[in-house]
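Contents: one structure, followed by commentary.
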Amino acid sequence: MAHYHRAPDSKREQFRRYLEKGGVIDSLTSVLVSLYEQQEKPNNALEFIKQHLGAAGPISDPEALQLELTELRHKCAQLTEENNELKAKVSFFSVHLCTKKCCMYL
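Letter by letter, the sequence shown follows residues 6 to 111 of my numbering.
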């Protein structure tokens, strides 16, 4: 087993308070209790912990994420194109309206 250098007690206490303040200790405790209470222990305890720590839940479907990414990129391209078209219209009308108003004062 590796030898670990112990931090001074004040630093350890500060770090413990930091973890408590961020809810890390409560989250870890909750997940570990959940693992302990499992009737049938999972084959991979680390994977169980990873899945149960995630706030948004486990990311278990990379294909679905890839599909969502593709759809969002397509939507982004559509919105960019629409934005460019609207900018061109605004530019067109601002030039033509300005020209007509300017002509009225000549």
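By construction, the Cβ of each residue, glycine as well, lies at the ideal position given by its N, Cα and C atoms.
Review point. Should the region 46-59 be called in touch with the region 69-79, which here means at least 3 C-beta pairs below 8 Å?
Key: Under the 8 Å Cβ criterion, the region 46-59 does not count as touching the region 69-79, having fewer than three qualifying pairs.
Point to revise | Unbroken alpha helix (DSSP H) run spanning residue 19, endpoints | key: Residue 19 -> alpha helix (DSSP H) spans 14-26.
Check your understanding: Are residue 54 and residue 38 touching if we call contact CB-CB under 8 Å?
Key -> Not a contact, by the Cβ cut-off of 8 Å.
Review point. Residue 55 by DSSP, collapsed to three states: which one?
Key: Secondary structure of residue 55 (DSSP, three-state): helix.
Exercise for review: Please confirm if residue 78 has its CB atom under 8 Å from at least one CB of chain D.
Suggested key: Absent from the structure is chain D; it holds one protein chain and no more.
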